[in-house]
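Protein chains in written order, with this note's numbering: chain S, 11 to 127; chain R, 137 to 252. The structure appears below as structure tokens.
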């Protein structure tokens with residue numbers, strides 16, 4: 011089955027420390043992978059994506075993510091966390107169409123990042 | 137640019153009532169989407185549109201209808217609301233489809249709907 015998993019419901023990190031939010035996927039073909047962030051009472055905001063090319067992708071607000079094909083992972087990272095990074099983070103993967111269907115974006119359940127002063 | 141806007145922000149309905157959620161975007165995007173977000177779950181696609189005058193079903197289309205009469209607007213209708221439709225609804229748009237280069241989606245702020 012094609013899916014995306016975020017194994018941690020919540021990640022706690024101290025301000026200034028590095029952070030990692032994990033994402034693994036299962037999809038046929040070449041994956042298109044995305045990270046979105048949701049601040050309280052707001053819509054999702056695009057952070058970064060991987061389609062092809064360099065495995066390390068840089069995005070908004072100092073975030074980056076590493077595509078690892080052998081481990082089928084796309085973990086989100088930041089070298090130094092800020093309190094303002096506290097939010098809900100979603101990983102998503104494009105699932106290609108089958109049988110005349112459509113490209114579909116499957117979202118993980120989300121990981122809540124809490125950065126403590 | 138306002139980006140993607142949604143009206144209303146909040147709504148409470150009784151079972152069986154109908155309503156329409158409006159989504160508007162000013163980025164000249166071709167693709168528009170309606171999602172619902174439920175606790176502990178990622179977003180699920182209800183319907184989508186690949187251009188003016190076109191609509192298609194997503195993962196969870198039952199109980200919803202949509203229309204895209206103008207490129208900038210995408211309406212989501214509930215004909216007879218049910219408690220299972222209590223959720224937060226997000227509209228999104230993108231310049232290209234997911235298979236294209238400019239496939240990142242831009243989201244509206246959401247509509248919180250409660251069906252009693």
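Where a beta carbon is used, it is the ideal one built from N, C-alpha and C, also for glycine. It should be emphasised that the depicted structure is a prediction, and the values quoted were computed from it without experimental measurement.
Proximal chain R residues relative to residue i, where beta-carbon distance stays under 7 Å
i                      : result
residue 112 of chain S : 192
residue 117 of chain S : 178 and 179
residue 120 of chain S : 178
Residue i - DSSP class collapsed to helix/strand/coil
i                      : result
residue 221 of chain R : helix
residue 13 of chain S  : strand
residue 83 of chain S  : strand
residue 94 of chain S  : helix
residue 238 of chain R : coil
residue 152 of chain R : coil
residue 26 of chain S  : coil
residue 71 of chain S  : helix
Close Cβ partners of residue i (< 8 Å) along its chain, the five nearest in sequence each way excluded
i                      : result
residue 118 of chain S : 14, 15, 16, 33, 100, 101 and 102
Check whether residue i and residue j have beta carbons under 8 Å apart
i                      : j                      : result
residue 112 of chain S : residue 160 of chain R : no
residue 252 of chain R : residue 150 of chain R : yes
residue 98 of chain S  : residue 120 of chain S : yes
residue 25 of chain S  : residue 126 of chain S : yes
Cβ-based neighbour list, residue i, same chain, cut-off 6 Å, excluding 5 preceding and 5 following
i                      : result
residue 39 of chain S  : 106
residue 77 of chain S  : 60, 65 and 84
residue 224 of chain R : 173, 246 and 248
Per-residue burial, residue i [other beta carbons within 10 Å of its own, 16 or more giving buried]
i                      : result
residue 95 of chain S  : buried
residue 237 of chain R : exposed
residue 89 of chain S  : exposed
residue 179 of chain R : buried
residue 221 of chain R : buried
residue 143 of chain R : exposed
residue 49 of chain S  : exposed
residue 243 of chain R : buried
residue 164 of chain R : exposed
Partner residues on chain S for residue i, Cβ-Cβ distance less than 9 Å
i                      : result
residue 234 of chain R : 42, 104, 105, 106, 112, 113, 114 and 115
residue 210 of chain R : The contacting residues do not exist; residue 210 of chain R stays about 14 Å from chain S at best.
Under 7 Å by beta carbon: chain S residues contacting residue i
i                      : result
residue 246 of chain R : 53
residue 221 of chain R : Under the 7 Å cutoff, chain S gives no residues; its nearest Cβ is about 19 Å from residue 221 of chain R.
Contacting residues, own chain, Cβ-Cβ under 7 Å from residue i (five flanking each side not counted)
i                      : result
residue 197 of chain R : 182 and 183
residue 204 of chain R : 168, 185, 188, 189, 190, 191 and 210
residue 239 of chain R : 230, 232 and 233
residue 147 of chain R : 155, 247 and 249
Where residue i meets chain S, residues with beta-carbon distance less than 8 Å
i                      : result
residue 240 of chain R : 44, 56 and 59
residue 146 of chain R : Those within 8 Å of residue 146 of chain R in chain S number zero; the least Cβ separation is about 11 Å.
Chain R contact residues for residue i, given Cβ-Cβ distances below 8 Å
i                      : result
residue 100 of chain S : 178 and 179
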